[in-house]
Amino acid sequence: MGRYVQAMRVGILTGGGDCPGLNAVIRAVVKVGVRRFGHEHVGILHGWRGLLEHESIPLGMRDVSGILDRGGTILKSSRTNPLRDAETTQKALDGFAGLGLDALVALGGEDTLGAASRLHSDHGLPIIGVPKTIDNDLSGTDVTFGFDTAVQIVCGSIDRLHTTAESHDRVMVVEVMGRHTGWIALESGLAGGADYILIPEHQPDVPALLEMLHARHARGLDYSIVVVSEGVDLSDGSADGDLDEFGHARLAQQGVGDRLGAIIREATGFDTRVTVLGHVQRGGTPTARDRILATRFGTRAAEMVAEGLFGRMASLRGNTITDVPLAEAVGTLKTVPDDYYRLAQPFFG
Ligand code: F6P
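Convert by adding 37 to the 1-based position in the sequence shown; the result is the number in this note's numbering.
Quick look at the structure:
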C-alpha cells in the first residue's frame with residue numbers, strides 16, 4: 038500500500054463515447070472516497086470540455102444514489118481534446134486550479150486517457166485513469182467496463198436476426214462497433230453462432246466468405262449470419278472520411294456493412310439484408326458483470342487518490358484489480374490476438 042494523505046477535493050470526469058457502467062464507477066469513487074477517506078467530490082461536466090469551460094457540479098452521496106443501473110453518464114460526455122493547442126492546454130490547467138482540485142479521476146478510453154497521461158507527464162496534473170470503452174481496445178487491462186454489456190446486446194441482436202434469416206432464407210449482415218479492433222465482433226459472433234466474422238485485425242477474405250455462403254446453401258442451409266466490425270477495410274478507399282477532434286475516422290458513418298451486403302448480393306444473388314446496430318450497443322443498463330467491474334475499478338480509483346498513485350490507471354489482471362502507468366495503457370491499441378480469431382474459424386459456415 039502507498040502513502041495515505043489527508044482528505045482531498047477530487048474531480049471526476051467522463052470523456053469520449055458514453056458507456057454502460059460509467060455511473061457505477063462515479064458512484065463507487067464517491068461512496069468509497071467519502072466513507073473510507075473523507076474526500077469531497079466535484080463532477081466536471083462534458084468531459085474535458087467542463088474543465089476548459091468551468092462547468093462543474095458538487096457530487097455528494099445523494100447525487101450518486103440510485104445510479105448503479107443507469108446507462109450513460111450523469112456527468113455527460115464529449116470528445117473535446119484538451120491538448121488541441123497550447124491555449125486550450127493552458128485553459129485545462131487553469132480549470133483544474135480554478136476548481137481547487139487535489140486530484141482528478143478521468144473515466145475514458147484511448148483518447149481521454151491519452152490526454153490524461155500527457156496532462157500528468159508534461160504538466161504534473163495529479164490524474165488517475167479508469168478504463169472505459171465498449172471497444173475493449175485499451176492496453177494495460179484485460180477488460181474495460183462496458184464491453185460485456187455491448188457483447189450481450191450484440192449477441193441478443195444476432196439471436197433475433199437469426200429468426201428472420203431462417204424464416205426468409207436470407208443472409209443477414211450485422212455491422213458492429215469496435216473502432217480499429219474486432220473484440221465486439223469476435224465475442225458476440227462466437228456467442229451468437231455467426232457463420233462468418235470479419236475483424237479489422239484480419240485481412241478480409243471476401244472470396245472465402247462467398248464460398249462459405251454457397252457451401253451452406255448447397256448443404257440446404259439457406260440462411261447465414263455475417264458479423265462485420267466497423268473498422269474492417271474492404272480496400273475500396275472507404276477508410277477516408279470525417280474525423281473527430283482526436284483525428285479518428287467516424288467509422289460507423291462509412292458503411293462497411295452496406296458495402297459488404299452489396300458485394301454478397303451481387304456475387305451470390307442471395308436475398309441479403311444489412312443491420313447496423315450503431316449506438317444501441319452503448320445504450321441502456323449495464324450487465325451485472327459490468328456493474329461489478331465498474332464498482333471494483335471505482336473503488337480502486339478512490340484508493341489510488343488516497344495513496345497518491347497519480348499518472349496511473351486502475352486495471353484488471355486475471356481476477357485481480359491492480360494499477361498500471363497511464364502511458365502503458367494508451368501506448369498501443371490492444372488488438373484481438375491471431376489465435377483468438379483462429380479459434381472462431383472452425384465455427385464458420
Ligand atoms: O469508442 C466507442 C465507440 O462507440 C466506437 O465503437 C465507435 O466507433 C465510436 O465510439 C462512435 O462514436 P460517436 O458516438 O462519436 O459516433
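All C-beta atoms, glycine included, are put in the ideal place defined by N, C-alpha and C. Quick caveat, the model's predicted, so the values are computed rather than measured.
query	result
Cβ pair count under 8 Å reaching 3, the stretch 192 to 204 against the stretch 157 to 169	no
Alpha-carbon spacing of V342 relative to S114, whole angstroms	22 Å
Inter-residue Cα distance where the pair is Y233 and S266	11 Å
L120 versus M209 - alpha carbon distance	42 Å
Distance, D179 Cα to G355 Cα	7 Å
Sequence-distant residues of the same chain with beta carbon closer than 6 Å to L330, five excluded per side	F182
Whole-angstrom distance between I49 and D131, CA atom to CA atom	16 Å
Ordered list of beta strand (DSSP E) runs contained in the stretch 250 to 306, each at least 3 residues	261 to 266
Near the ligand F6P: T332 beta-carbon under 6 Å from a heavy atom	no
Close beta carbons around A381, own chain, < 8 Å, minus the five adjacent residues each side	L223, G226, L227 and I234
The stretch 210 to 219 contacting the stretch 248 to 257, beta-carbon criterion three pairs below 8 Å	no
DSSP-derived helix/strand/coil call for D174	coil
Boundaries (first-last residue) of the beta strand (DSSP E) holding I81	E77 to I81
Terminal residues of the beta strand (DSSP E) in which A231 lies	Premise fails: A231 is in no beta strand (DSSP E) and is neither H nor E.
Length at least 4, wholly inside the stretch 141 to 165: the alpha helix (DSSP H) runs in chain order	147 to 160
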